[in-house]
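What follows is a single structure, written as structure tokens, with notes after it.
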Amino acid sequence: MNVRTRFAPSPTGYLHLGGLRTALYTYLFTKKNNGKFILRIEDTDQERFVPGATQVIYDTLRDCGLLWDEGPDVGGDYGPYIQSERKDMYLPYAKELVAKGKAYYCFCTKEELAERRAAAEAEGKTWKYDKHCLHLSPEEVQAKLDAGVPYVIRQNVPETGEASFDDVLYGHIAVDCAELDDNVLIKADGMPTYNFANVVDDHTMGITHVLRGNEYLSSTPKYNLLYEAFGWEKPVYIHLTPVMKDQHRKLSKRDGDAYYSDFIEKGYLKEALLNYIALIGWNPGDNREFFTLPELMEAFSLEGLSKSPAIFDVEKLRWMNAEYIRRMTPEQFTAAAMPWYEKAGIAHMDLDILQRSLQPRVEVFGELPQMVDFLTEMPEFSEELYFSKKMKTNADTAREDLPDILATLEALPEWTESAVHEALLGLAAKKGKKNGVILWPARIAMAGKLVTPCGAIEIAVLLGREEALRRLRTSLEKLQK
Ligand code: GLU
0 MNVRTRFAPS PTGYLHLGGL RTALYTYLFT KKNNGKFILR IEDTDQERFV PGATQVIYDT
60 LRDCGLLWDE GPDVGGDYGP YIQSERKDMY LPYAKELVAK GKAYYCFCTK EELAERRAAA
120 EAEGKTWKYD KHCLHLSPEE VQAKLDAGVP YVIRQNVPET GEASFDDVLY GHIAVDCAEL
180 DDNVLIKADG MPTYNFANVV DDHTMGITHV LRGNEYLSST PKYNLLYEAF GWEKPVYIHL
240 TPVMKDQHRK LSKRDGDAYY SDFIEKGYLK EALLNYIALI GWNPGDNREF FTLPELMEAF
300 SLEGLSKSPA IFDVEKLRWM NAEYIRRMTP EQFTAAAMPW YEKAGIAHMD LDILQRSLQP
360 RVEVFGELPQ MVDFLTEMPE FSEELYFSKK MKTNADTARE DLPDILATLE ALPEWTESAV
420 HEALLGLAAK KGKKNGVILW PARIAMAGKL VTPCGAIEIA VLLGREEALR RLRTSLEKLQ
480 K
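The sequence shown begins at 0 in numbering that gives the first Met the number 0 and counts up by one.
In structure tokens form, the structure reads like this:
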């Protein structure tokens with residue numbers, strides 16, 4: 000079988016992580032089966048359309064390496080790939096269903112519908128369309144069409160019986176037709192609804208496998224009535240379990256942090272994010288956790304998809320991101336950190352020292368500017384920072400040792416890491432003190448911060464001679480006041 004799949008996002012905002020996971024699984028399944036991965040933009044709901052959202056979809060998928068074989072901007076034999084550009088295709092199909100008695104014109108106005116709905120609800124019934132217009136005679140229908148009365152076309156769902164399908168993940172799904180509404184297929188503006196367009200498009204694009212969110216699980220039987228009405232072969236359905244925020248709630252846009260871009264802006268690596276997303280709801284069957292995209296392609300199978308909803312665990316993602324950072328070469332780290340160095344105003348400093356200090360400590364790049372903020376601005380700090388139980392230092396020992404530290408460093412002919420190193424350790428030896436007794440106050444006096452990603456020697460070099468000495472002098476003056 001020539002596998003053909005599609006990712007069919009609606010351009011209603013940024014790309015949700017759940018959507019990205021659907022795209023990823025679809026892509027992996029397709030590539031594993033040497034199939035074609037198609038991108039289709041479902042923009043028929045004009046009210047929900049967000050300008051720019053289509054571009055975000057392209058950019059995100061490309062960024063993640065999920066390249067489509069056919070789609071709006073790359074073309075293909077089954078285009079157009081943007082639903083609104085296919086607008087004229089749907090009406091003839093809807094008319095075919097009308098001719099077969101599987102759909103019908105409906106002329107009910109909003110007001111009429113609202114009135115009948117209110118009446119039904121007043122009687123405690125749940126409203127579904129009452130098939131009012133199904134009972135119009137062909138002549139009545141024609142007369143209204145001729146008079147230009149606005150209309151929609153509705154699916155004529157049987158009033159009894161069962162509609163069902165078999166899902167790869169969820170098994171047999173059946174619904175009572177009596178519970179199904181006669182959904183609109185073609186709207187008054189001539190646009191198809193999702194309910195109709197997904198069927199026509201999947202068929203006319205030759206889609207063999209549909210992977211999508213499980214929110215469509217209960218509507219799929221109804222879509223299958225349409226396939227049956229047309230006499231079309233149905234695709235294989237794989238509905239995916241939702242990505243959960245916790246035990247009870249789906250990861251939702253309203254909670255924030257649900258979009259791919261949220262995490263990229265926070266400084267997560269896209270490789271780590273994609274790797275982690277792959278593991279929410281899928282497991283490779285062994286205990287491997289780290290995968291590149293090609294490795295995922297190799298390892299992926301539908302059998303590994305989980306049947307129960309998986310929780311998106313930010314802490315786990317964070318751990319994985321940190322692991323990705325640790326596994327970088329120094330060059331890769333510096334390249335990835337550079338935008339954050341620039342943001343932090345430290346891109347001109349010693350990149351080798353920065354890499355050695357930060358690569359083992361940064362878990363998410365967004366936190367880097369805050370970790371190094373003291374390098375660009377000396378914070379106000381209290382004398383208590385000179386206290387270290389372990390190093391046996393405090394403000395008094397600092398008052399005693401800082402003048403010597405300052406003098407030693409002032410006397411240095413060259414300002415290199417090894418020179419500063421020898422100078423400070425030499426001073427400790429000369430004074431018969433432990434290294435820490437000298438290094439601790441030196442670091443505090445230059446950084447003004449208790450926790451720093453590197454020690455006094457590195458800080459001195461990062462700041463440069465002039466700034467390092469200036470800070471030492473200022474801190475000493477404060478201590479002596
Ligand atoms: N446009 C739908 C969505 O964004 C796609 C559903 C499907 O894949 O059929 O949820």
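Where a beta carbon is used, it is the ideal one built from N, C-alpha and C, also for glycine. The structure presented is a predicted model; accordingly, all values stated were derived computationally and were not measured.
With respect to the alpha helix (DSSP H) encompassing residue i, which residues constitute its N-terminal and C-terminal limits?
i: arginine 464; result: 464 to 479
i: glutamine 354; result: 350 to 357
i: isoleucine 443; result: 434 to 446
i: tyrosine 92; result: 86 to 98
i: alanine 410; result: It is not in any alpha helix (DSSP H) - alanine 410 carries neither H nor E in the DSSP assignment.
i: leucine 14; result: Element bounds for leucine 14: n/a, residue is neither H nor E.
i: tyrosine 275; result: 269 to 278
i: arginine 115; result: 109 to 121
i: isoleucine 263; result: 259 to 264
i: valine 419; result: 416 to 430
i: tyrosine 193; result: 193 to 203
i: leucine 292; result: 292 to 298
i: leucine 367; result: 367 to 370
Rounded to whole angstroms, how far is the Cβ of residue i from the Cβ of residue j, which I believe are closer than 8 Å?
i: glutamine 354; j: proline 338; result: The pair is not a contact, with the Cβ atoms about 15 Å apart (cut-off 8 Å).
i: alanine 455; j: arginine 442; result: 4 Å
i: aspartate 180; j: histidine 171; result: Aspartate 180 to histidine 171, Cβ: 22 Å. No contact.
i: alanine 187; j: tyrosine 150; result: 7 Å
i: lysine 221; j: asparagine 182; result: 7 Å
i: alanine 277; j: leucine 295; result: 5 Å
i: leucine 426; j: aspartate 403; result: 6 Å
i: arginine 153; j: tyrosine 92; result: Actually they do not touch by this definition, with Cβ atoms about 14 Å apart.
i: isoleucine 56; j: glutamine 82; result: Not really, about 13 Å apart at Cβ, beyond 8 Å.
Return the first residue and the last residue of the beta strand (DSSP E) that residue i is part of.
i: isoleucine 172; result: 170 to 175
i: glutamine 82; result: It is not in any beta strand (DSSP E) - glutamine 82 carries neither H nor E in the DSSP assignment.
For residue i, which of helix, strand or coil comes out of DSSP?
i: arginine 211; result: strand
i: threonine 53; result: helix
i: proline 329; result: helix
i: phenylalanine 36; result: strand
i: leucine 184; result: strand
i: glutamine 45; result: helix
i: glutamate 69; result: strand
i: histidine 347; result: coil
i: alanine 142; result: helix
i: arginine 5; result: strand
i: glutamate 161; result: strand
i: threonine 392; result: strand
i: methionine 377; result: coil
i: serine 218; result: coil
i: proline 137; result: helix
i: histidine 247; result: coil
i: cysteine 132; result: helix
i: tyrosine 103; result: strand
i: isoleucine 458; result: helix
For review: beta carbons within less than 5 Å of any heavy atom in the ligand GLU: Answer in sequence order: Ala7, Pro8, Ser9, Glu41, Asn197, Arg211.
Sufficient close CB pairs (3 or more, under 8 Å) joining the stretch 189 to 205 to the stretch 81 to 93: When C-beta atoms of the stretch 189 to 205 are compared with those of the stretch 81 to 93, three or more pairs fall below 8 Å, so the two segments count as touching.
Contact between the stretch 175 to 194 and the stretch 251 to 269 (3+ Cβ pairs under 8 Å): As far as the Cβ criterion goes, the stretch 175 to 194 does not touch the stretch 251 to 269, which means the pair count is below three.
Any 3 or more C-beta pairs closer than 8 Å across the stretch 361 to 378 and the stretch 410 to 421: no
Touch test, the stretch 13 to 33 against the stretch 213 to 232, Cβ-Cβ under 8 Å, three pairs minimum: Put simply, the stretch 13 to 33 does not touch the stretch 213 to 232. Fewer than three CB pairs are less than 8 Å apart.
Cβ contact check for the stretch 48 to 56 and the stretch 12 to 25: 3 or more pairs under 8 Å: yes
At least 3 beta-carbon pairs within less than 8 Å: the stretch 276 to 291 vs the stretch 17 to 24: yes
Segment contact, 8 Å Cβ cut-off, at least three pairs: the stretch 347 to 362 with the stretch 378 to 396: no
At least three beta-carbon pairs within less than 8 Å, the stretch 108 to 115 to the stretch 155 to 162: no
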